[in-house]
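Engineer: Its first residue numbered 239, the sequence shown is counted upward by one per residue in our numbering.
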Amino acid sequence: MALLQIAEPGMSAAPHQHKLAIGIDLGTTNSLVATVQSGMSTVLQDEYGHALLPSVVQYLPDGDVIVGHAAQSAQSADPKNTISSVKRFMGRGFNDIPDTTHIPYKFRDTGSGMVQIETCAGIKSPVEISAEILKSLKTRAEKALGGELTGAVITVPAYFDDAQRQATKDAARLAGLHVLRLLNEPTAAAVAYGLDNGSEGVYVIYDLGGGTFDVSILRLSKGIFEVLATNGDSALGGDDFDHRIFCWILAEAKLPPLNQEDTRLLLTKAREVKEWLSENHEADITSVLSTGKLINLKLNAQKLVELTENLVTKTLNPTRKALRDAGLDVTEIKGVVMVGGATRMPQIRQAVAKFFQQEPLTNLDPDKVVALGAAIQANVLAGNRSEDDLLLLDVIPLSLGLETMGGLVERVIPRNATLPVARAQDFTTFKDGQTAMSIHVLQGERELVSDCRSLAKFELRGIPPMAAGAARIRVTFQVDADGLLSVTAREQSSGVVADIVVKPSYGLTEDEITNMLKSSFGAAEQDKKARALREAIVDAERLIEAISAALAQDSDLLNTEEINAINAQMQQLKNLTVGNNSDEIHKAVEALNHATESFAAKRMDASVKQAFAGQDLNKLEL
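1. Assuming residue 816 and residue 609 are in contact, meaning their beta carbons sit under 8 angstroms apart, how far apart are those beta carbons, in whole angstroms?
2. Are residue 305 and residue 612 closer than 8 angstroms when you measure CB to CB?
3. Does the Cβ of residue 705 have 16 or more other Cβ atoms within 10 Å, making it buried, or fewer, making it exposed?
4. Please work out which residues of its chain come closer than 7 angstroms, Cβ to Cβ, to residue 829, disregarding the five sequence neighbours upstream and downstream, and give them in chain order.
5. Helix, strand or coil for residue 288? Go by DSSP, reduced to three states.
6. Distance check for residue 572 and residue 457, CA to CA, integer angstroms please.
7. Is DSSP giving residue 310 helix, strand or coil here?
8. Is it the case that the Cβ atoms of residue 521 and residue 550 are separated by a distance below 8 angstroms?
9. With DSSP run on the structure shown, which of helix, strand or coil describes residue 566?
10. Helix, strand or coil, according to DSSP, for residue 751 in the structure here?
11. What separation, rounded to the nearest whole angstrom, lies between the Cα atoms of residue 387 and residue 259?
12. Less than 8 angstroms between the CB atoms is what I'm expecting for residue 389 and residue 418, so what's the real figure, rounded?
13. Return the CA-CA distance between residue 936 and residue 711, expressed in angstroms with no decimal places.
14. What does DSSP give as the partner residue(s) for residue 268 in the beta ladder?
15. Quick test of the definition: if touching needs 3 or more C-beta pairs under 8 angstroms, does the stretch 400–412 touch the stretch 366–375?
16. Going along the chain, which residues of its own chain have a beta-carbon closer than 6 angstroms to the beta-carbon of residue 652, five neighbours each way excluded?
17. Cα separation between residue 660 and residue 459?
18. Spatial neighbours of residue 597 within its chain, please: C-beta separation below 6 angstroms, excluding the five flanking residues on both sides.
19. Whole angstroms is fine: what's the gap from residue 799's alpha carbon to residue 793's?
20. Flag this pair as yes or no: are the beta carbons of residue 331 and residue 353 separated by less than 8 angstroms?
21. Measure the C-alpha to C-alpha separation of residue 677 and residue 641 and round it to an integer number of angstroms.
22. Would you say residue 455 and residue 566 are within 8 angstroms of each other, going by their C-beta atoms?
23. Thinking C-beta only, is residue 289 closer than 8 angstroms to residue 904?
24. Can you pull the DSSP bridge partners for residue 525?
25. Once DSSP output is grouped into helix, strand and coil, what is the label at residue 576?
26. Quick check on the DSSP output: the beta strand (DSSP E) that includes residue 715 runs from which residue to which?
27. In three-state terms, what does DSSP make of residue 583?
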């Protein structure tokens, strides 16, 4: 009996046409690669049966590169050339790294925007280091699948900004991978969990990895994964818990400043202790430093809870904001999916259970769930027929907008808008005869340019000279499914156009993210007053500009006394625009308008007389 494959035309590939696609979880501590085989998403193992690949890269003087477990074991012996947790440096500048004291690398600020690390094999960027990890995963996949890869879906934290996403994509290209999609890690986890369990309803994905924290709220319904809101901290993760243990060891053992080898030794020991205390009550800390000093300490689970209490609290603040943005209460959450190795810590699970008033869901391996979800999406994007048709509706984490006159931000795309998204808005010129416009693209939630992050600047030239306010410049923002931004500006009457693909040179710091999402009433009130002041100043400047132009053209309609009175009012208004009292500026604007009423009437009369000069009124059609 022959086995026939029956399908709708064009809906299913023949067996020999099955395209090899993979999902990659490029993690801070560990990385994984997964694929869909026989309809099941599975994590691929190396030749030794390891699913997890430590995200550690060692550079040797002869140019060789070691990745994974072997590199991890060399951390203490060769800390300068063995790089771990490189994900925390992706898309970040030298000034974005808050504390380099206990990081055993020699950083270089090359002026390129992204931090560089000196190794015995030369200066390496985080993109190059990440590419080595991706190459290792690519090789593993090709060996396991026995063919050339069509492409890969690579996951990124939801709170990765544009620079960090672009850096990840560049690393993949450097590794020889075709990127089908950059997928937010919480969304990937939701895909894996939802399809594995057939779940429907509103779920929270709580993702605490080695270097980042994300929380996303999704609605799962018959294969549709809709992200309602997202929040997080791109500089908070398991590494920070390790660092607390490290600092405790320094204090308890009364150690002086350590060399790089001993620093790395104790950081590695701190990670091991953290993992041990996730399953046990007490851990022994025994190490011999390069000086010969013996460290022999004990740390119990309760003390670890005390040391890391504020870190746990820091994960709950973004969680509250995400719930508020989604317009939901904790009672409306059907389940909380735990993602990331750090969620194995009992204090994390207890805090989440208390906050959501329910036990979190832990039936899927938190280390593997992201890679499994990425593999499912990769299989769909590669064109392979999936029994589980799925639609992903992800969101943008921070608002995007433009600078307008007075240093104000006009938001074009609000945060939590569904991806991909395109929005357009019309702007106009400020001065008569203006032939160019500077476009300043910004990211953030505040009203003033100074409180938001600059993404890019470009210019639109060739605008036909017109009166102020007559030109119509349409600015279009497009954010693709990877979360990458492009901006186009077009003058509507002439068709002149300028555009830019936004590739910022550095990422957001933790403080910047905190400031951008600052939502206290104090900040909101402050922003409101600041915006009112800037708008008042812009109105005042526009009025002064118009009256000055009118005086230059028709001053002969006024006597000296009238001209002096108007100039005095204009000077008073100019003086107020350098202050900070919007009410006084509004009063001065009204006073200047009142002072120029007679002048305006005289200009109107003169215009009418000029228009009717030489005309026979009896012949005019009224």
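Idealized CB from N, CA, C, for every residue including glycine.
All values reported here derive from a predicted model rather than from experimental measurement.
Structural biologist: Reading off the structure:
1. With 8 angstroms as the limit, residue 816 and residue 609 do not qualify as a contact, their Cβ atoms being about 57 angstroms apart.
2. no
3. exposed
4. 807
5. coil
6. 10 angstroms
7. helix
8. no
9. coil
10. Annotation note: pLDDT 36 at residue 751 (below 50); position unreliable, coordinate value reported separately. In this structure, residue 751 counts as helix in the three-state DSSP scheme.
11. 6 angstroms
12. 4 angstroms
13. No information on residue 936 is available, as it lies outside the stretch 239 to 860 that the chain covers here.
14. 292
15. yes
16. 637
17. 25 angstroms
18. 591
19. 12 angstroms
20. yes
21. 7 angstroms
22. yes
23. This structure does not reach residue 904, given that the chain is present from 239 up to 860, and the question cannot be answered.
24. 533
25. strand
26. 711–717
27. coil
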